[in-house]
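Right, one structure below, let's go through it.
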Amino acid sequence: MARLNSPEALENFRKDLLSKRDPNTPCISICAGAGCLASGASDVIAAFNAEIEKQGLKTDVDTKGTGCPGFCERGPVVVIYPEEICYLQVGPDDVPEIVSQTIKEKKVVNRLLYVDPTTGEKATQESEIPFYKNQERHLIGNNIKIDPKNIDDYMALGGYSALAKALSQMTAEEVLEEVKKSNLRGRGGGGFPAGRKWEGSRNAPDEPKYVIVNADEGDPGAFMDRALLEGNPHSILEGLIIGGYAIGSHEGYIYVRQEYPLAVENVTHAIKQAEEYDLLGENILGSGFDFMVTVHKGAGAFVCGESTALMTALEGRVGEPRPKYIRSNIKGLWNRPSVLNNVETWANVPLIINKGADWFTQFGTEGSKGTKIFSLVGKITNTGLVEVPMGITLKDIIYKIGGGIPGGKAFKAVQTGGPSGGCIPEEMLDLEVGFDELAKAGSMMGSGGMIVMDEDTCMVDVARYFIDFLTDESCGKCVPCREGLRQMAKILTNITQGEGKAGDIELLEELSETAVEASLCALGMSAPNPFLSTLRYFRDEYEAHIKEKRCPALSCKELIAYHIDPDKCTACMICARKCPADAIVGEKNQIHVIDQEKCTNCGTCFEVCPPRFGAVKKISGEPVPAPIPEAERTIVRKSKEK
Amino acid sequence: MSEIRLQIDGKEVKAREGMTVLEAARSEGITIPTLCHHEKLEPFGGCRICIVEVDVRGWTRLVVSCIYPVAENLVVRTRTEKVDRIRKMILELLLAHAPDSPDLQNLAKTYGADRDRFEKEASFCIHCGLCVRYCAEVKKKDAVGFIDRGIRKEISFIPEIAAKECWNCKECFPLCPTSYLQAAYVLTEALAFPSSSSEAVSEE
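So the protein lines, in turn, are chains V and W. Those letters in the first sequence? Residues 173 to 814, by our numbering. Those letters in the second sequence? Residues 11 to 214, by our numbering.
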């Protein structure tokens, strides 16, 4: 095992490693991230291994399961090096053809390539696909090249060179200055400048000091940190060690939710490998700097992403926030100076040290520098992880990268910032993405969740959903959050069920004020955002629900009714057969009618009615038209007239 | 200990370093309401009723006085329109759970809180944590604790500990603002250690 006792030893090791790796040897990278695994990537990996063995190519080809490259919508993703051919939605059945054609014959399997939906053109390489082409991928770009269980893959790409540079060529103050100069802001939600946080800890008198990775990613639909931790754990470790050096800490913690078993496994494995290489432990790279890291598994509470609750949980106590007016970088874990940064923040550190603050600040807006990973989900064509420069517009993310809204539906809003973020309407899609810009729009950057909603989404119901989530996740320690959110959830539920009353909006506003102004921690303080932002941009929807008992998006079950348009119904019997409540009266050649007494508003008839007929309608806020008299229901077909 | 001068409701107040705004105010006879505060216990900051407005470095912000430390030249206002409005809301939220608590009713008079503003959910406990913390911090017994989280959170006696420790203590009983604690104790006793408690009584 290599013992890297100096920066030179590290570089020699890297040279040796690269000399043993022929860049022309074919390498098949198969995404083994959460999304692709769910689409069957492990079967694909097994099929490749078996096929290569079968075709006698075992010594000539490398295969590896890698981290997530982001294009989850089209997973399992396979990239073949050195040509960088990108195959999408690969199944085990495609494997023999890929091996015999692409690996042996150097021919591209056209049917597995990306096809541009507008031009019909095929893209052979990842970089030609619009989803990737419009990104700026410095953090997740390497995921597809790295087997996260193999430190050598990270080393081959220059891994730990930033650590070597920091330890051998820079003083701790210089590292701190570089991070301050980069204006790197926390990627976990608050957006606090990392350099200032570090400086506070460095200057704090108490010892020992701690550095902590916040990997308690809990926002529904968000998996940025998961992809980084699972796919490139060494980049986070390297950042953490550099942070420890900068503030004078010798002890780091990774607080990762136990619901991410692969992340726990990969980062634990990465720590072991780094220790074996002397990149962790005593006298790292011969610098005299000691540093060790411990992985701590969270027990599954959303609130533990909050800094003081996380530290309390790390101490082994119930994960509830602390009521303190002193920052945790001064008095944090065990009352000692503690720098807590999010996974993505730490992953940026090696880049800043290697390439410099000036390189980093070329991306972004005045107040938000660098790139940011977003998890693009919801009603969007290309679901996945996207890394973009700060300052890109929401429109570019949603349309250029995300490919717009599927099914010909109209865009309605994008929810950013996780459950306590806000919804941004269409007229603000030119908004540049940045911490201050999103906050001004009534939302927030949060950790990078981005949920796209189309015209079928009811904004009152969206607010209800998120407030419900936060009520469930409230730790219950303070009254404004525990009791205030409980009441907000009740009122919003009533409104979506047609039981809204005059004065509900004002009461919700008053409860919001109490939660924002008087809650103990950031969870409660930001929890009313889903309500406040939807009220700001979609007030008419609240009023329609309360005053007219109407859901404009035709989504709230209690406020809609289904009706069959007698002029369009062809009496095909499909809806009548599928109705689980036996609520559809009809037979062959008899126009179907929904018995409103029996109907449960499940929507099955609406979904199964063939689009060419489109006879089933949703209506809200108006009486259901009376069923046509039985005598007029018979359909006289032209063919039968003859 | 250096002396700190601050202003509370227009009055010059002297305090010692390390004191909270609440302690400084009370030492001068200025009333700030509290529900989860107790001199013998670590600050909890849960009820938020002791919220006050402070001017600090040119900013006006709301803080809870049971935790916020005094500082030189700090300006504190204990009754503003906003402070009162928030206190009223906190009381109304709690009155949905414990409508007959004398502490809550007294404060409700001061702040004009409507005990029927929210639908009753008579769980009686207002989660001030006085019993739990007193048992842990002063008695060091942990015979009563919180279980579950958020809106499902409840106090609960731990039968194994309560059976041994509680019968001759019960110092937490008068701390409870709603009497729910006694009920919880009696219920635990009846369900979990009725015989041991009667033995204890007969030994007396």
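For every residue, glycine included, the Cβ atom is placed at its ideal position computed from N, Cα and C. Quantities reported herein were computed from a predicted structural model and do not represent experimental measurements.
| Asked | Found |
| --- | --- |
| Continuous alpha helix (DSSP H) assignments of at least 4 residues falling wholly in the segment 406-488 of chain V | 433-448, 479-486 |
| Beta-carbon contacts of W/VAL142 that lie in its chain and below 7 angstroms, excluding the five residues immediately before and after | VAL154, GLY155, PHE156, ILE165 |
| Near-chain W residues of the segment 407-428 of chain V (beta-carbon distance less than 8 angstroms), N- to C-terminal order | none |
| Neighbour flag for W/PHE156 against chain V, beta carbons, 9 angstroms | yes |
| V/ARG283, buried or exposed, once every other Cβ within 10 Å from all chains shown has been counted against 16 | exposed |
| Span of the alpha helix (DSSP H) around V/PHE641 | 631-645 |
| Touch test, the segment 556-569 of chain V against the segment 535-547 of chain V, Cβ-Cβ under 8 angstroms, three pairs minimum | yes |
| Proximal chain V residues relative to W/TYR78, where beta-carbon distance stays under 7 angstroms | TYR497 |
| Span of the alpha helix (DSSP H), counted from its first residue to its last, around V/LYS305 | 302-305 |
| Check whether V/ILE217 and V/ALA204 have beta carbons under 9 angstroms apart | yes |
| Sequence ranges, beta strand (DSSP E) only - wholly within the segment 255-287 of chain V, length at least 3 | 257-259 |
| is_contact[V/VAL490, chain W] using C-beta, thresh 9 angstroms | yes |
| V/CYS630 versus V/LEU434: straight-line alpha-carbon distance, rounded | 35 angstroms |
| Sequence ranges, beta strand (DSSP E) only - wholly within the segment 538-565 of chain V, length at least 3 | 543-550, 556-561 |
| V/ILE202 - partner residues in DSSP beta bridges | V/GLY237, V/VAL250 |
| Bounding residues of the alpha helix (DSSP H) (the contiguous stretch that carries V/LYS662) | 651-668 |
| Own chain residues within Cβ distance below 6 angstroms of V/ILE301, not counting five before or after | TYR286, ALA295 |
| Backbone secondary structure at V/GLY594 - three-state DSSP | strand |
| Residue-level contact to chain V via CB, W/VAL74, 9 angstroms cutoff | yes |
| Simplified DSSP state of V/ASN513, which is helix, strand or coil | strand |
| Identity of the residue in W/VAL148, W/ASP65, W/LYS149, W/SER133 nearest W/ALA193 by Cα | W/SER133 |
| Per DSSP, the bridge partner or partners of W/ARG15 | W/LYS24 |
| Buried versus exposed, by CB contacts within 10 Å (16 or more), W/LEU201 | exposed |
| Contact residues within the segment 650-675 of chain V, judged by C-beta distance below 7 angstroms to chain W | CYS650, VAL651, PRO652, ARG654, GLU655, GLY656, ARG658, GLN659 |
| Option in V/ALA344, V/GLU410, V/MET745 with minimal Cα separation from V/ILE807 | V/MET745 |
| Same chain only: Cβ atoms within 8 angstroms of V/PRO782, ignoring 5 sequence neighbours per side | CYS744, ILE746 |
| Nearest to V/ASN526 (by Cα), restricted to the options V/ILE498, V/GLU410, V/ARG749 | V/GLU410 |
| Three-way DSSP call (helix, strand, coil) for W/ARG89 in this model | coil |
| Any C-beta of chain V under 9 angstroms from that of W/PHE134 | no |
| CB of V/THR344 within 9 angstroms of CB of V/ARG368, strictly | Sequence check: residue 344 of chain V is Ala here, not Thr. Cβ distance not < 9 angstroms, so V/ALA344 and V/ARG368 don't count as in contact. |
| Selected residue, minimal CA-CA separation from V/HIS406, among V/CYS650, V/ALA446, V/GLY372, V/ALA418 | V/ALA446 |
| Any 3 or more C-beta pairs closer than 8 angstroms across the segment 62-82 of chain W and the segment 663-673 of chain V | no |
| Where V/LYS369 falls: helix, strand or coil (DSSP) | helix |
| Minimum Cβ-Cβ distance from V/ALA690 to chain W less than 9 angstroms | yes |
| Every unbroken alpha helix (DSSP H) within the segment 292-367 of chain V, with a cutoff of 4 residues, ordered by chain | 302-305, 323-328, 333-341, 344-354 |
| Contact list for W/PRO53 against chain V, beta-carbon separation under 7 angstroms | PRO495 |
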